[in-house]
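See structure below.
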């Protein structure tokens with residue numbers, strides 16, 4: 001049985017992954033539709049990678065139901081993997097082979113004929129802007145280039161779903177933007193993306209829909225905009241104080257001006273729909289922090305509200 | 001899709017990797033037997049033949065050459081199936097790349113073993129040609145020492161790959177080399193008959209796969225085969241089989257979690 005139109009490409013119900021006593025994934029439900037860009041947002045250890053590995057059919061499901069492309073990973077793992085593209089968290093490129101050889105050999109694992117693979121590799125390298133490096137060894141490439149090569153390689157079999165586990169972790173900001181741009185293009189071409197990330201900006205840029213994960217559970221689901229509307233205010237005022245000048249009774253100073261106060265170790269967040277009015281009001285009451293920043297709410301605020309912790313600690 | 005085609009795909013990767021180092025490899029495959037045979041077979045052999053009383057009146061060169069052939073297979077195997085296997089799991093992670101595709105754990109194991117087989121076949125063939133050139137092959141049956149040498153190698157690569165997929169660090173490899181491979185190299189009948197060992201050590205030597213491999217190779221090149229050679233063959237095959245079963249288990253536990 002394969003996926004038909006309307007049937008989800010990936011379907012999970014009460015999905016559980018345990019390693020001995022440790023519960024990595026604690027009963028999650030989700031469906032991925034064709035053409036979607038779907039994300040798992042959560043801090044390290046939330047169970048994102050374990051979920052991805054089960055979907056990628058390289059980790060057995062402990063309990064619950066998982067169907068990928070309409071098939072059961074326990075029975076049809078090899079067949080399913082033949083139709084997925086995987087960008088793992090840690091690169092698995094061969095350092096001794098050239099950039100092009102890495103794609104061709106990987107394509108051979110799918111049984112694609114060499115004759116077809118050489119033009120395909122060139123096409124993919126052009127897409128990730130590595131054409132000039134095609135005949136170089138992989139080893140001296142920068143982290144961002146290696147990532148792009150891994151993405152190119154994962155597309156060699158024209159996958160129906162592309163699984164990306166922390167696609168830009170460890171990259172510098174510029175390299176991240178190049179990767180995002182490529183992924184965004186894939187999304188526009190209609191490739192179904194499933195990604196995990198602990199960067200809220202990555203989730204905001206790439207995901208049509210996402211779930212927030214914490215301690216192996218899904219704590220919220222929706223589009224980035226939905227989630228912000230539901231769990232945060234439109235704007236946030238960030239207050240920073242000099243050592244010792246932070247007032248104890250924040251409630252007194254902010255009473256009536258904001259919807260919610262979130263004191264963090266290094267700053268205080270005030271949630272309100274009108275940041276300027278709030279910061280103005282605080283000033284009028286005579287509270288003078290070292291700095292005030294008014295910004296829009298992000299998924300980081302959503303996560304903070306849902307779990308009481310930051311995404312990156 | 002047949003299992004064989006899936007096994008051949010990882011082999012293709014290892015062959016592509018090998019293409020980058022084959023030159024140095026072939027040179028050392030030729031140089032190493034020439035040097036060993038000159039030093040031991042010819043050099044040391046002069047002294048040995050003067051006094052020793054090898055069974056059936058064979059020369060020391062004839063005695064030691066097939067032994068070296070089998071022992072070399074063991075040495076190559078102990079390198080090839082240790083670091084590279086752990087690296088494909090832990091450092092270079094090529095196994096993980098393979099398992100993200102239709103390839104299954106068993107294809108990864110058999111594909112890597114198929115590559116070892118190729119390496120061993122190449123080395124064994126070169127070795128055989130060299131010892132034949134030294135005049136140390138007495139019987140046309142000797143040519144069968146080539147596949148037997150490959151089998152000796154696999155009797156090591158299969159269990160060692162199983163171990164390498166189990167161990168967390170490379171520390172044990174040095175210990176295995178020093179305390180298992182090297183003593184086996186010296187005391188499994190390669191350089192002298194194990195009957196000259198003290199009785200307990202001789203009994204111990206019976207259990208080493210290398211002794212069975214050395215004896216079998218020697219019987220073939222000397223043309224002195226007997227029914228007991230089937231036992232040697234069976235013993236080596238058992239090592240391969242048990243090694244593969246263990247590998248199936250350790251690879252799966254490591255890669256499919």
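Protein chains in written order, with the working numbering: chain A, 1 to 313; chain B, 1 to 257. The beta carbon of each residue, even a glycine, is placed where N, CA and C say it ideally should be. As the structure is a computational prediction, the values presented were derived from the model and not from experiment.
Exercise. Excluding the 5 residues preceding and the 5 following residue 68/B in the sequence, name in chain order all residues of the same chain whose CB lies nearer than 6 angstroms to its CB.
Key: Only 36 meet the Cβ criterion.
Quiz item: chain A partners of residue 98/B, CB-CB under 8 angstroms?
Solution: 109
Quiz prompt | Sequence-distant residues of its chain with Cβ nearer than 7 angstroms to residue 125/B (five each side left out) | solution = 146
Exercise. Compare the C-beta of residue 68/B against all C-beta atoms of chain A and say whether one is closer than 8 angstroms.
Key: no
Quiz item: Using a Cβ cut-off of 7 angstroms, which residues of the segment 82–95 of chain A contact any Cβ in chain B, in chain order?
Solution: Listed by position along the chain: 82, 86, 88, 90, 92, 94 and 95.
Quiz item: Residues of chain A with a CB under 7 angstroms from the CB of residue 94/B: which are they?
Solution: Residues of chain A passing the Cβ test: 92 and 94.
Self-check item: Beta carbon proximity, residue 104/B to chain A, threshold 8 angstroms
Solution: yes
Practice problem: Use the C-beta contact count for residue 157/A: other C-beta atoms within 10 angstroms, 16 or more gives buried, fewer gives exposed. | Solution: buried
Quiz item: Over what stretch of residues does the alpha helix (DSSP H) that includes residue 148/A continue unbroken?
Solution: 143–154
Self-check item: residue 19/A, buried or exposed, once every other Cβ within 10 Å from all chains shown has been counted against 16
Solution: exposed
Exercise. Use the C-beta contact count for residue 5/B: other C-beta atoms within 10 angstroms, 16 or more gives buried, fewer gives exposed.
Key: exposed
Practice problem: Compare the C-beta of residue 254/B against all C-beta atoms of chain A and say whether one is closer than 8 angstroms. | Solution: no
Self-check item: Inter-residue spacing [alpha-carbon to alpha-carbon] between residue 192/B and residue 48/B
Solution: 10 angstroms
Quiz item: When the Cβ atoms of the segment 101–116 of chain B are set against those of the segment 75–90 of chain A, are three or more pairs found closer than 8 angstroms?
Solution: The segment 101–116 of chain B vs the segment 75–90 of chain A: in contact.
Quiz item: Can you find a CB in chain B that lies within less than 8 angstroms of the CB of residue 97/A?
Solution: yes
Practice problem: Would you kindly work out how many angstroms separate the C-alpha atoms of residue 255/A and residue 54/A, rounded to a whole number? | Solution: 48 angstroms
Quiz item: For residue 291/A, does the three-state DSSP call read helix, strand or coil?
Solution: strand
Self-check item: Partner residues on chain A for residue 257/B, Cβ-Cβ distance less than 9 angstroms
Solution: 19, 53, 58, 59 and 60
Quiz item: Grouping DSSP H, G and I as helix and E and B as strand, with all else coil, what is residue 71/A?
Solution: strand
Quiz prompt | Contacting residues, own chain, Cβ-Cβ under 7 angstroms from residue 267/A (five flanking each side not counted) | solution = 238, 239 and 240
Quiz item: Alpha carbon to alpha carbon, what distance is there between residue 21/B and residue 63/A?
Solution: So the alpha carbons of these two residues sit roughly 46 angstroms apart.
Quiz item: Using the rule of at least 16 other Cβ atoms within 10 Å of the residue's Cβ for burial, across every protein chain shown, is residue 2/A buried or exposed?
Solution: Note that residue 2/A scores a pLDDT of 46, beneath 50, so its modelled location is shaky; the value from the coordinates is reported in the next line. With fewer than 16 other Cβ atoms within 10 Å, it is exposed.
Quiz item: If residue 171/A sits next to residue 144/A, beta carbons under 8 angstroms apart, how far is it from one beta carbon to the other, in whole angstroms?
Solution: 5 angstroms
Practice problem: Would you mind giving the Cβ-Cβ distance between residue 33/B and residue 131/B, rounded to the nearest angstrom? I have them listed as a contact below 8 angstroms. | Solution: 7 angstroms
Exercise. Can you pull the chain A residues whose beta carbon is under 8 angstroms from the beta carbon of residue 17/B, in chain order?
Key: 94, 96 and 97
Quiz item: Which residues bound the beta strand (DSSP E) around residue 30/A?
Solution: 22–32
Quiz prompt | Element boundaries [alpha helix (DSSP H), containing residue 127/A] | solution = 114–127
Quiz item: To the nearest angstrom, how far is it from the Cα of residue 299/A to the Cα of residue 223/A?
Solution: 10 angstroms
Quiz prompt | Assigned secondary structure, residue 116/B (DSSP; H/G/I helix, E/B strand, else coil) | solution = Residue state, collapsed to three classes: helix.
Quiz item: Can you name, in chain order, every residue of its own chain whose Cβ lies under 7 angstroms from the Cβ of residue 247/A, other than the five neighbours on each side?
Solution: 253 and 287
Quiz item: Helix or strand or just coil, what does DSSP make of residue 19/B?
Solution: coil
Self-check item: Distance, residue 196/A Cα to residue 217/A Cα
Solution: When only Cα atoms are considered, residue 217/A and residue 196/A end up about 14 angstroms apart.
Exercise. Report the option in 9/B, 113/B and 201/B whose CA atom is closest to the CA atom of residue 268/B.
Key: This structure gives no information on residue 268/B, because the portion of chain B shown stretches from 1 to 257.
Practice problem: Per DSSP, which residues does residue 218/A bridge with? Please list them. | Solution: 213/A
Quiz item: Can you tell which of 293/A, 109/A, 282/A and 285/A has the C-alpha that lies nearest to the C-alpha of residue 3/B?
Solution: 109/A
Quiz item: Quick one: what's got a C-beta closer than 8 angstroms to residue 167/A's C-beta in the same chain, skipping five residues either side?
Solution: 87, 147, 151, 179, 183, 195, 197 and 202
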